[in-house]
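**Student:** I have a structure I would like to understand better, so I am pasting it below and will then ask my questions one at a time.
Protein chains: 2
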Amino acid sequence: MDKYMHRKAEIRLHVLYPDGTPAAGEQIHVDQISHSFLFGCGAFDSVALMKAEDPQEKAFLQERMDKWLGLFNYGTLPFYWGRYEPVEGTTAFPETMAAARWLQEKGVRVKGHPLCWHTACAPWLMKYDNQEILCRQLERIHRDVSLYKGVVDMWDVINEVVIMPVFDRYDNAITRICKDLGRIRLVKEVFAAAKETNPEATLLINDFNTSVSYEILLEGLLEADVPISAIGIQSHQHQGYWGLEKLNDVLERFSRFGLPIHFTENTLISGEIMPAHIVDLNDWQVDSWPSTPEGEERQAREISEMYSVLFAHPLVEAITTWDFNDGCWLNAPSGFVYMDNREKPSYYALQKLIHGEWETHDVLTADEEGYISFNGFKGGYCIAVGQADAAFAANGPVNEKIILAP
Amino acid sequence: MDKYMHRKAEIRLHVLYPDGTPAAGEQIHVDQISHSFLFGCGAFDSVALMKAEDPQEKAFLQERMDKWLGLFNYGTLPFYWGRYEPVEGTTAFPETMAAARWLQEKGVRVKGHPLCWHTACAPWLMKYDNQEILCRQLERIHRDVSLYKGVVDMWDVINEVVIMPVFDRYDNAITRICKDLGRIRLVKEVFAAAKETNPEATLLINDFNTSVSYEILLEGLLEADVPISAIGIQSHQHQGYWGLEKLNDVLERFSRFGLPIHFTENTLISGEIMPAHIVDLNDWQVDSWPSTPEGEERQAREISEMYSVLFAHPLVEAITTWDFNDGCWLNAPSGFVYMDNREKPSYYALQKLIHGEWETHDVLTADEEGYISFNGFKGGYCIAVGQADAAFAANGPVNEKIILAP
Numbered sequence: 006m007d008k009y010m011h012r013k014a015e016i017r018l019h020v021l022y023p024d025g026t027p028a029a030g031e032q033i034h035v036d037q038i039s040h041s042f043l044f045g046c047g048a049f050d051s052v053a054l055m056k057a058e059d060p061q062e063k064a065f066l067q068e069r070m071d072k073w074l075g076l077f078n079y080g081t082l083p084f085y086w087g088r089y090e091p092v093e094g095t096t097a098f099p100e101t102m103a104a105a106r107w108l109q110e111k112g113v114r115v116k117g118h119p120l121c122w123h124t125a126c127a128p129w130l131m132k133y134d135n136q137e138i139l140c141r142q143l144e145r146i147h148r149d150v151s152l153y154k155g156v157v158d159m160w161d162v163i164n165e166v167v168i169m170p171v172f173d174r175y176d177n178a179i180t181r182i183c184k185d186l187g188r189i190r191l192v193k194e195v196f197a198a199a200k201e202t203n204p205e206a207t208l209l210i211n212d213f214n215t216s217v218s219y220e221i222l223l224e225g226l227l228e229a230d231v232p233i234s235a236i237g238i239q240s241h242q243h244q245g246y247w248g249l250e251k252l253n254d255v256l257e258r259f260s261r262f263g264l265p266i267h268f269t270e271n272t273l274i275s276g277e278i279m280p281a282h283i284v285d286l287n288d289w290q291v292d293s294w295p296s297t298p299e300g301e302e303r304q305a306r307e308i309s310e311m312y313s314v315l316f317a318h319p320l321v322e323a324i325t326t327w328d329f330n331d332g333c334w335l336n337a338p339s340g341f342v343y344m345d346n347r348e349k350p351s352y353y354a355l356q357k358l359i360h361g362e363w364e365t366h367d368v369l370t371a372d373e374e375g376y377i378s379f380n381g382f383k384g385g386y387c388i389a390v391g392q393a394d395a396a397f398a399a400n401g402p403v404n405e406k407i408i409l410a411p
Numbered sequence: 006m007d008k009y010m011h012r013k014a015e016i017r018l019h020v021l022y023p024d025g026t027p028a029a030g031e032q033i034h035v036d037q038i039s040h041s042f043l044f045g046c047g048a049f050d051s052v053a054l055m056k057a058e059d060p061q062e063k064a065f066l067q068e069r070m071d072k073w074l075g076l077f078n079y080g081t082l083p084f085y086w087g088r089y090e091p092v093e094g095t096t097a098f099p100e101t102m103a104a105a106r107w108l109q110e111k112g113v114r115v116k117g118h119p120l121c122w123h124t125a126c127a128p129w130l131m132k133y134d135n136q137e138i139l140c141r142q143l144e145r146i147h148r149d150v151s152l153y154k155g156v157v158d159m160w161d162v163i164n165e166v167v168i169m170p171v172f173d174r175y176d177n178a179i180t181r182i183c184k185d186l187g188r189i190r191l192v193k194e195v196f197a198a199a200k201e202t203n204p205e206a207t208l209l210i211n212d213f214n215t216s217v218s219y220e221i222l223l224e225g226l227l228e229a230d231v232p233i234s235a236i237g238i239q240s241h242q243h244q245g246y247w248g249l250e251k252l253n254d255v256l257e258r259f260s261r262f263g264l265p266i267h268f269t270e271n272t273l274i275s276g277e278i279m280p281a282h283i284v285d286l287n288d289w290q291v292d293s294w295p296s297t298p299e300g301e302e303r304q305a306r307e308i309s310e311m312y313s314v315l316f317a318h319p320l321v322e323a324i325t326t327w328d329f330n331d332g333c334w335l336n337a338p339s340g341f342v343y344m345d346n347r348e349k350p351s352y353y354a355l356q357k358l359i360h361g362e363w364e365t366h367d368v369l370t371a372d373e374e375g376y377i378s379f380n381g382f383k384g385g386y387c388i389a390v391g392q393a394d395a396a397f398a399a400n401g402p403v404n405e406k407i408i409l410a411p
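Those protein sequences? They're chains U and C, same order as listed. Read left to right, the first sequence gives residues 6 to 411 (this note's numbering). Read left to right, the second sequence gives residues 6 to 411 (this note's numbering).
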């Protein structure tokens, strides 16, 4: 059995020339040009690119994003409240919206991350009482989900709820209200705000906790009718690859809700593994964390294996690697490219899957009535006969007439 | 400040002789004869006592239960489905009901444990499909809660839900339906069945898992309006005393729901501590687990400390020690008496608290109008002047006229 069967569609086309005559017996070039599946990555540098004024910096970021676009069709943009709105009322709207539109024009779906989180939260919120904090949190959601509607229609609505009310690294406004309201009520409120502002949006809950606690939280939220579109699972593996056993266990446990699963924040590194005793990854602060040749082979191998398992799972709809380049979060060698933008083995390994094994390209001979049939990966297609061509979408079975344009 | 203030009531009595004249200036003996607080223990041997036919065995069990009654006012009786109803339709009703009535006559509140649990479940259920299993589970609840109404009005409705759907030690009917329905729906169903059968009953959920998972489960259940009367917390400490830090942490975390808390299954042992690497306590199978003199002192000290912390906490309403005598669960030295019924130091240590420090006994002089006032631990009282006496209950403030009986 084809383990990727659910990723493919039966496609039958009646190929006609511009004048309406069938392309009988012709050689038809079939080329998939985009994926239905969301292959994602952090796209924070697209915001930097929008702001860059120095030509050298701009060229460097442009080169980086070109390589990014060589792999991905789905990008995460930063909406950390404390950075997005460092002073109440002064937001990073211009550059963030410019980046979102720029990505959208290139065919990239954009997700905003996150609308509610205790970390990187706005410090100015702490001067308000809990009722007012909640009020401003909901206003913030109304404002941003509304402003970006049509450009950003996917949101990590709330992040890391399992730990949220007991997070004790530092006082912050969101832990305060979560402790006050309880997890379920807070999640209900923030999802309701997002849903009423953009009813068509894809709304995620996201967590690094993959234990039974997160499962039970999801049960409680679904029983409380919280409109969760997809379950977000973080998988930062600075302390070593989960391996097939843990990966399959997580997939099995989170599948039972029947909801789409998004791997929202994946990290596999190409350097030394962080010691297992570190509980909060942020505690591992190093000046330099070199990528090594052995590490790079390992990273490429692990990425290939993990993406293959996830792509084969019927409920997984998206995989996002967190860092595109080395030297981002925790200074880790976590990217597909080095800090100077040169591709690492993991870049080519993933390219071989996304734009190789998992992409349909073929040359088919139309039958005497001009029909071709094939089973191809879901996404956008282009067919061509000589100079004439046409595009179509195949997110499911296709059985249609297609007229080539000269 | 008195840390037991919430355990006490202001009591003012106008003491009158049978003929209606005030007991002015008299010496009044005030003696607390029972507790409002539930000091509990497993009372499984009361069922054995009901069944005992051999006179020697009967005398031995009678002696054991007499000592039991010397400490406790609250007992847990076994309703493990597989043992209570080993063959479908054939139950241990006669001896269980006899034991419950016997305890009730002695002023003991009785709790049934448990109505739904994956462990010790009836094997004959497994021949049914999941819908039928659920159906029979709910019928079982309706039947037993109804049959025992007025005698057993407290129930551990469901036990160990956190692990229930992922319990993998052996296949069983309850894990099957919990996996199928999800935790919250199953808990909803079993509580609804118990509640509609006995709306006045005290209905508990009970778990050994005291992690954030149980907290989140409770959040979900309360949001789903499950009528939980009290939160049951197990505290089997075969691997060593929790200590004040863990105990206070658990109390703080489970207090935020504002519900009464019952410590339902407490164990502190007087022998060698079970190694920390054992995950499922049932895996520690030993032929002999001796009680040691040092262990007995430690057990007595730990019990005194733990009971004192719990009795001081305003939301705790019950503490149940699991085993009354050594050699029960896991063959552990977990009792207040040895296997031969001799009292251990822990027996006297707890007696000193329950029937010493935490019990009000006094001799007061009535004023010239026959009034006495005092602040006493909540419970039942007897007052006496010479041969004349009277009883009253003080579960809260009391301000009343009391007529002595000759």
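We treat Cβ as the ideally placed atom computed from N, Cα and C, and that holds for glycine. A quick note: this is a predicted structure, and the numbers were derived from the prediction, not measured.
#1: In whole angstroms, give me the CA-to-CA distance for threonine 81 of chain C and lysine 116 of chain C.
#2: Under 7 Å between C-beta atoms, does leucine 222 of chain C make it to chain U?
#3: Do you know how far the Cα of glycine 45 of chain C is from the Cα of valine 314 of chain C?
#4: Three or more beta-carbon pairs under 8 Å between the region 187–204 of chain C and the region 236–251 of chain C, yes or no?
#5: Could you name the residues of chain C that arginine 188 of chain U contacts, counting a contact when the two beta carbons are closer than 8 Å?
#6: Could you name the residues of chain C that serine 218 of chain U contacts, counting a contact when the two beta carbons are closer than 8 Å?
#7: Which of the three DSSP states is assigned to valine 255 of chain U in this structure?
#8: In angstroms with no decimal places, state the Cα-to-Cα distance between valine 368 of chain U and phenylalanine 379 of chain U.
#9: Out of curiosity, what's the CA-to-CA distance linking alanine 64 of chain U and aspartate 394 of chain U?
#10: Along chain U, in chain order, which residues have C-beta atoms closer than 8 Å to that of alanine 229 of chain C?
#11: In terms of residue numbering, what span does the beta strand (DSSP E) encompassing phenylalanine 397 of chain U cover?
#12: Name the residue from U:Leu21, U:Met10, U:Met6, U:Arg12 whose alpha carbon lies nearest to the alpha carbon of glutamate 374 of chain U.
#13: Report the start-end ranges of each alpha helix (DSSP H) in the region 267–349 of chain C that is 4 residues or longer and not cut off at the edges.
#14: Would you kindly work out how many angstroms separate the C-alpha atoms of proline 232 of chain C and leucine 222 of chain U, rounded to a whole number?
#15: CB-CB under 6 Å to aspartate 36 of chain C, same chain, minus the five flanking residues each way: which ones, in chain order?
#16: Using a Cβ-Cβ cut-off of 6 Å (strictly less than) and excluding sequence neighbours within five positions of asparagine 214 of chain C, which residues of its own chain qualify?
#17: Assuming valine 403 of chain U contacts arginine 17 of chain U under a Cβ cut-off of 8 Å, what Cβ separation, rounded to an integer in Å, is found between them?
#18: Which whole runs of the alpha helix (DSSP H) in the region 162–240 of chain C are 4 residues long or more, in chain order?
#19: Contact check, tyrosine 343 of chain U vs asparagine 330 of chain U under 8 Å by CB: the rounded distance?
#20: Look up cysteine 121 of chain C in the DSSP assignment and give the residues it is bridged to.
#21: Three or more C-beta pairs under 8 Å: does that hold for the region 331–340 of chain C against the region 286–300 of chain C?
#22: Express the C-alpha separation of leucine 335 of chain C and glutamate 144 of chain U in angstroms, rounding to a whole number.
#23: Answer with buried or exposed for cysteine 140 of chain C, where buried requires no fewer than 16 other C-beta atoms within 10 angstroms of its C-beta.
#24: Tell me whether proline 99 of chain U is buried or exposed, calling it buried when 16 or more other Cβ atoms sit within 10 Å of its Cβ.
#25: Which bits of chain C does valine 167 of chain U rub up against, with CB to CB less than 8 Å?
#26: Within 10 Å of its beta-carbon, does lysine 383 of chain C have 16 or more other beta-carbons around it, so buried, or fewer, so exposed?
#27: Hey, would you say alanine 105 of chain C sits closer than 7 Å to valine 150 of chain C, going by beta carbons?
#28: At the level of alpha carbons, what is the spacing between tyrosine 175 of chain C and aspartate 288 of chain C?
#29: Below 8 Å on the Cβ atoms is my contact criterion, and I expect glutamate 310 of chain U with histidine 267 of chain U to pass it. Report the Cβ-Cβ distance as a whole number of Å.
#30: From what residue to what residue does the alpha helix (DSSP H) around glutamate 15 of chain U run?
#31: Between the region 171–188 of chain U and chain C, which residues of the former have a C-beta closer than 9 Å to a C-beta of the latter?
#32: Would you list the one or two residues that DSSP bridges to threonine 370 of chain C?
#33: Within a Cβ cutoff of 8 Å, which residues of the same chain sit near tyrosine 353 of chain U, ignoring the five residues on either side of it in sequence?
#34: Grab me the residues of leucine 120 of chain U's own chain with a C-beta within less than 6 Å of its C-beta, minus the 5 sequence neighbours each way, in chain order.
#35: Counting along the chain, where does the alpha helix (DSSP H) carrying serine 51 of chain C start and finish?
**Tutor:** Once the coordinates are examined:
#1: Start at 1 with the first residue of the second sequence, and residue 81 of chain C comes out as number 76. Start at 1 with the first residue of the second sequence, and residue 116 of chain C comes out as number 111. Straight-line Cα distance between these residues: approximately 5 Å.
#2: Translated into positions along the second sequence, residue 222 of chain C becomes position 217. True, the Cβ-Cβ gap to chain U drops below 7 Å.
#3: Stepping through the second sequence from its first residue, residue 314 of chain C is reached at position 309. Stepping through the second sequence from its first residue, residue 45 of chain C is reached at position 40. Each residue's alpha carbon lies about 16 Å from the other.
#4: At 8 Å Cβ cutoff, the stretches do not touch.
#5: Taking the first residue of the first sequence as 1, we reach residue 188 of chain U at position 183. What arginine 188 of chain U touches in chain C: Ile221, Glu224.
#6: In the first sequence, counting from the first residue as 1, residue 218 of chain U sits at position 213. Those are Ser216, Val217, Ser218, Ile221, listed as they occur along chain C.
#7: By one-based count along the first sequence, residue 255 of chain U stands at place 250. In this structure, valine 255 of chain U counts as helix in the three-state DSSP scheme.
#8: The sequence position of residue 368 of chain U within the first sequence is 363, counting from 1. The sequence position of residue 379 of chain U within the first sequence is 374, counting from 1. Each residue's alpha carbon lies about 10 Å from the other.
#9: By one-based count along the first sequence, residue 64 of chain U stands at place 59. By one-based count along the first sequence, residue 394 of chain U stands at place 389. Alanine 64 of chain U and aspartate 394 of chain U have their C-alpha atoms roughly 34 Å apart.
#10: Position 224 of the second sequence, counted from the start, is the residue given in the question as residue 229 of chain C. Using a Cβ-Cβ cut-off of 8 Å, alanine 229 of chain C is close to Gly225, Glu228, Ala229 of chain U, given in chain order.
#11: Residue numbering aside, residue 397 of chain U sits at position 392 when the first sequence is read from its first letter. Taken as a continuous stretch (DSSP letters only), the beta strand (DSSP E) holding phenylalanine 397 of chain U covers 393–399.
#12: Taking the first residue of the first sequence as 1, we reach residue 374 of chain U at position 369. Taking each of U:Leu21, U:Met10, U:Met6, U:Arg12 in turn and checking the Cα distance to glutamate 374 of chain U, the smallest one comes out for U:Leu21.
#13: Listed in chain order, they are 298–317.
#14: Within the second sequence, numbered from 1, the residue matching residue 232 of chain C stands at position 227. Within the first sequence, numbered from 1, the residue matching residue 222 of chain U stands at position 217. Each residue's Cα considered, the two are about 19 Å apart.
#15: Position 31 of the second sequence, counted from the first residue, corresponds to residue 36 of chain C. Taken in chain order, the residues that qualify are His366, Cys387.
#16: Reading the second sequence from its first residue, position 209 is the one you call residue 214 of chain C. Its chain contains Val167 as the residues whose beta carbon lies nearer than 6 Å to that of asparagine 214 of chain C, once the 5 sequence neighbours on both sides are disregarded; these appear in chain order.
#17: Translated into positions along the first sequence, residue 403 of chain U becomes position 398. Translated into positions along the first sequence, residue 17 of chain U becomes position 12. Their Cβ separation, rounded to whole angstroms, is 7 Å, which keeps valine 403 of chain U and arginine 17 of chain U in contact under 8 Å.
#18: Counting whole runs of 4 or more residues, the region 162–240 of chain C contains the alpha helix (DSSP H) stretches 178–186, 188–202, 217–228.
#19: Position 338 of the first sequence, counted from the start, is the residue given in the question as residue 343 of chain U. Position 325 of the first sequence, counted from the start, is the residue given in the question as residue 330 of chain U. Correct: roughly 7 Å between the Cβ atoms.
#20: Reading the second sequence from its first residue, position 116 is the one you call residue 121 of chain C. Answer by DSSP bridge pairing, in chain order: C:Ile163.
#21: Output reads yes: the region 286–300 of chain C touches the region 331–340 of chain C.
#22: Mapped onto the first sequence, residue 144 of chain U falls at position 139. Mapped onto the second sequence, residue 335 of chain C falls at position 330. Each residue's Cα considered, the two are about 57 Å apart.
#23: For the purposes of this step, residue 140 of chain C is identified with residue 135 of the second sequence, where counting begins at 1. With fewer than 16 Cβ atoms within 10 Å of its Cβ, cysteine 140 of chain C is classed as exposed.
#24: Here residue 99 of chain U corresponds to residue number 94 of the first sequence, with the count starting at 1. Residue environment: proline 99 of chain U is assigned as exposed (fewer than 16 neighbouring CB atoms within 10 Å of its CB, all protein chains considered).
#25: Position 162 of the first sequence, counting from 1, holds the residue named residue 167 of chain U. What valine 167 of chain U touches in chain C: Val217, Ile221.
#26: Numbered from its first residue, the second sequence carries residue 383 of chain C at position 378. Lysine 383 of chain C is buried by the Cβ-count criterion.
#27: Translated into positions along the second sequence, residue 105 of chain C becomes position 100. Translated into positions along the second sequence, residue 150 of chain C becomes position 145. For the pair alanine 105 of chain C and valine 150 of chain C, the CB atoms are not nearer than the 7 Å cut-off.
#28: On the second sequence, position 170 is the one that residue 175 of chain C refers to. On the second sequence, position 283 is the one that residue 288 of chain C refers to. Computed Cα separation, rounded: 14 Å.
#29: Translated into positions along the first sequence, residue 310 of chain U becomes position 305. Translated into positions along the first sequence, residue 267 of chain U becomes position 262. Not confirmed; about 19 Å, so no contact.
#30: Here the question's residue 15 of chain U lines up with position 10 in the first sequence. Counting along the chain, glutamate 15 of chain U falls outside any alpha helix (DSSP H), though it belongs to the beta strand (DSSP E) covering 13–21.
#31: Cβ contacts with chain C: Val171, Lys184, Gly187, Arg188.
#32: The count along the second sequence starts at 1 and reaches residue 370 of chain C at position 365. According to DSSP, which records beta bridges pairwise, threonine 370 of chain C is partnered with C:Gln32.
#33: In the first sequence, the residue the question calls residue 353 of chain U occupies position 348. Closer than 8 Å at the Cβ level, and outside the excluded window around tyrosine 353 of chain U, lie Ala305.
#34: Taking the first residue of the first sequence as 1, we reach residue 120 of chain U at position 115. Answer for leucine 120 of chain U: Ile146, Trp160, Val162, listed in chain order.
#35: By one-based count along the second sequence, residue 51 of chain C stands at place 46. Its alpha helix (DSSP H) spans residues 49–56.
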